[in-house]
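Novice:
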């Protein structure tokens, strides 16, 4: 799986703070990180260590205050607000901790939202979404409202929404924290099966050590910095399978 | 994304219906009160509007409105007739004597005494009888509402009598006159006879009604009469407007109705604004998710505006429907006859409802625009 040598994200000494003066909080204190295409990378660490802030900066939802950031060979800092919105729309998929599905839309309609945002007509968008939901094992629940779905099913829908427009980078914020262990495991299994592809990178922020086994790379964060990067179990399996052919960890 | 906006709006039934009904009732109340106000104000000039034969009203220079006049002398009538450009000029008496029916029921009536020779000013919409029958002795024509007051039982019928100032009044016609401001019965009779129906004063000539000759405009004739006689002269339209303005200035009617309309406006705006704001706040995370996914602020603003316009349009339509229903029922009742839903009110109400939804959505739009999409990553 990990045969792509492209780099999806490059962070060099990225800093981010909130507030000014005495109330200033340094969330990122110089992050150096590379995320490779074709990998599922996890950002892990204790609460408040800056992993969600880093994910927001990478996703272009927050501006960094310093350092260099490259995402999919583009520099978000040089983009206008409108360009950044278009960049996200084309290239990024999101999976949120609380799913953030639109309660009034059916599962298929929720999945179709990125296509609708891109200008697809409703019928085509929902048809595509229904196909994708079938691939995610939700063929019988396409017409259900989020309130009629279990947590695991809602996260599958959210996963469908992140995948529908074939993004090159998928960012997931604590995708299993609202789920029980079994369901969380199933969701991660699905994520690693359907989302990780050559030409696409997946970043998962989590503190759930039970899902570390799905990571190709695990970046440990603390106090706004990357403390350590280690191969995950998925990579270890690949190394066992492919030996030296497996790409190196940066 | 319009589809998403509409589903978001209609998905929360309670708030969706709350928004619609807030706007519907606000819209209904505004249209209802504004139309009744306009209808009541219009009634103050009913007797002026009903007299279509003459174009120029001549009165004492200090007369401000129809219901309170200072009598002219008979000489004034001749002076008006002598003004160049006057085709004809006739006297009109307007008084408010008390009329009594044979069974003792009494009421103040608006008595209009028409020129004996020409009967200028006779009602045009006769329900029973003929205007020319006014030439008979003791003859009078009464409006339907007045007839129903004095003779509530049975069908409309000619030949009934009333008594005014100890004189017999024989009803030879029943007409459909515009409802007067005071809701008093309207009685038409000959000028000479009308003078007997009221207590005699030295002068009883209320107005002179005049018609310009061909080629002389109403405005020009009015000016000529004013400069030649020193009396006040104006067109029917101007006199009607002056009468309305008098009531607007000197009564609490506009304040009372204005207050109700203002309350409807404020309540409608506040309730709709607050409900819409709560609706937006509760969907803030969803809007944040849309922003994160790559939906532009402009698109989100368009979604909110669409939602606001939809509830505005539905609420307004319901409100207008209720108002139309109300007026279609009550326009046939004697007490509320002639009060209708005016097209000006329909248009004005639409503009105000648009204002309500714009104000209501602006608060929400501001909240969404300042929303950082990163909010979606905060569990």
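Chains as they are written, first to last, in my numbering: chain B, 1 to 250; chain H, 251 to 629.
Beta carbons are placed, not taken as given, at the ideal position from N, Cα and C, and that holds for glycine.
Using the Cα positions of residue 67(B) and residue 136(B), report the straight-line distance between them to the nearest angstrom.
Specialist: Roughly 39 Å between the two C-alpha positions.
Novice: Taking 8 Å as the CB-CB limit, is residue 100(B) close to chain H?
Specialist: Closer than 8 Å to some Cβ of chain H, the Cβ of residue 100(B) qualifies, so yes.
Novice: Identify whether residue 277(H) lies in helix, strand or coil by the three-state DSSP scheme.
Specialist: Here residue 277(H) sits in helix by DSSP.
Novice: How about residue 458(H) and residue 595(H): are their beta carbons less than 8 Å apart?
Specialist: Not in contact: residue 458(H) and residue 595(H) (Cβ atoms no closer than 8 Å).
Novice: Should residue 168(B) be flagged as near chain H, meaning a C-beta pair shorter than 8 Å?
Specialist: Chain H contact via Cβ: absent.
Novice: Are the beta-carbon atoms of residue 303(H) and residue 370(H) separated by less than 8 Å?
Specialist: A contact, by the Cβ cut-off of 8 Å.
Novice: If we count Cβ pairs, one from each stretch, closer than 8 Å, do we get three or more for the segment 436-449 of chain H versus the segment 271-281 of chain H?
Specialist: No, they do not touch.
Novice: In the structure shown, what three-state DSSP assignment does residue 352(H) receive?
Specialist: Looking at residue 352(H) - three-state DSSP - the assignment turns out to be coil, as it is neither helix nor strand.
Novice: With 7 Å as the limit, tell me which residues of the segment 111-130 of chain B have their beta carbon closer than that to any beta carbon of chain H; keep them in chain order.
Specialist: Those residues of the segment 111-130 of chain B that come within reach of chain H (Cβ to Cβ, closer than 7 Å) are 113, 114, 116, 117 and 122.
Novice: Show which residues of chain H have a CB atom less than 8 Å away from the CB atom of residue 56(B).
Specialist: What residue 56(B) touches in chain H: 624 and 627.
Novice: Quick one: what does DSSP say residue 197(B) is sitting in, helix, strand or coil?
Specialist: Residue state, collapsed to three classes: coil.
Novice: Which partner residues does residue 219(B) have in the DSSP bridge list?
Specialist: Its beta-bridge partners are 43(B) and 229(B).
Novice: In the DSSP assignment, find the unbroken beta strand (DSSP E) run with residue 418(H) in it and report its ends.
Specialist: Segment 417-425, the beta strand (DSSP E) holding residue 418(H).
Novice: Taking the straight line between their C-alpha atoms, what separation do you get for residue 352(H) and residue 579(H)?
Specialist: Cα to Cα, the separation comes out at about 33 Å.
Novice: Around the C-beta of residue 561(H), are 16 or more other C-beta atoms found within 10 angstroms, so that it is buried, or is it exposed?
Specialist: The residue in question, residue 561(H), is buried, as its Cβ has 16 or more Cβ neighbours within 10 Å.
Novice: Hey, is residue 52(B)'s beta-carbon within less than 8 Å of any beta-carbon in chain H?
Specialist: Yes, residue 52(B) counts as interfacial toward chain H.
Novice: I'd like the list of long-range same chain contacts for residue 282(H), defined as Cβ closer than 7 Å, with 5 residues on each side in sequence excluded.
Specialist: Excluding residues within five positions, the ones whose Cβ falls inside 7 Å are 573 and 576.
Novice: For residue 141(B), go through chain H and note every residue whose CB falls closer than 8 Å to its CB, in chain order.
Specialist: Simply none; closest approach about 17 Å.
Novice: Hey, how far is the Cα of residue 70(B) from the Cα of residue 191(B)?
Specialist: Taking the straight line joining both Cα atoms gives about 24 Å.
Novice: With a cut-off of 8 Å, does the C-beta of residue 85(B) fall near any C-beta of chain H?
Specialist: Chain H, which has a Cβ nearer than 8 Å to the Cβ of residue 85(B), makes this yes.
Novice: With DSSP run on the structure shown, which of helix, strand or coil describes residue 255(H)?
Specialist: Note: residue 255(H) maps to helix in three-state DSSP.
Novice: What does residue 46(B) reach in chain H if we use C-beta pairs closer than 7 Å?
Specialist: Here the premise fails: no neighbours, minimum Cβ distance about 15 Å.
Novice: If you follow the beta strand (DSSP E) that residue 67(B) is part of, which residue opens it and which one closes it?
Specialist: Run containing residue 67(B): 66-71, per the beta strand (DSSP E) assignment.
Novice: Give me whichever residues DSSP pairs with residue 315(H) in a beta bridge.
Specialist: Paired residue(s): 318(H).
Novice: What are the start and end residues of the alpha helix (DSSP H) that includes residue 383(H)?
Specialist: Per DSSP, residue 383(H) belongs to no alpha helix (DSSP H) and is neither H nor E.
Novice: One question on the structure: do residue 624(H) and residue 102(B) come within less than 8 Å of each other, judged by their Cβ atoms?
Specialist: No, Cβ-Cβ distance for residue 624(H) and residue 102(B) is not below 8 Å.
Novice: Measuring alpha carbon to alpha carbon, tell me which residue in 408(H), 414(H), 315(H) and 490(H) is nearest residue 456(H).
Specialist: Out of 408(H), 414(H), 315(H) and 490(H), 315(H) has the C-alpha closest to the C-alpha of residue 456(H).
Novice: In whole angstroms, give me the CA-to-CA distance for residue 620(H) and residue 50(B).
Specialist: Approximately 23 Å between the Cα atoms of the pair.
Novice: Taking contact to mean at least 3 C-beta pairs separated by less than 8 Å, is the segment 213-223 of chain B in contact with the segment 41-59 of chain B?
Specialist: Yes, the segment 213-223 of chain B touches the segment 41-59 of chain B.
Novice: Can you tell me where the alpha helix (DSSP H) with residue 483(H) in it begins and where it stops?
Specialist: First-last for residue 483(H): 482-485, but that is the beta strand (DSSP E), not the alpha helix (DSSP H).
Novice: Would you verify that the beta carbon of residue 268(H) is, or is not, closer than 8 Å to some beta carbon of chain B?
Specialist: Chain B contact via Cβ: absent.
Novice: Label residue 227(B) either buried or exposed according to how many other C-beta atoms from any shown protein chain fall within 10 Å of its C-beta, with 16 as the threshold for buried.
Specialist: Its Cβ having fewer than 16 others within 10 Å, residue 227(B) is exposed.
Novice: Along the segment 524-542 of chain H, where does the CB come closer than 9 Å to a CB of chain B? Name the residues.
Specialist: Going along the segment 524-542 of chain H in chain order, one finds 533, 535, 536, 538, 539, 540, 541 and 542 with a Cβ nearer than 9 Å to chain B.
Novice: List the residues that DSSP assigns as beta-bridge partners of residue 622(H).
Specialist: Answer is none; residue 622(H) lacks a bridge partner.
Novice: So, helix, strand or coil for residue 375(H), using DSSP?
Specialist: Here residue 375(H) sits in coil by DSSP.
Novice: Verify whether the separation of the beta carbon atoms of residue 359(H) and residue 367(H) is less than 8 Å.
Specialist: Contact: no.
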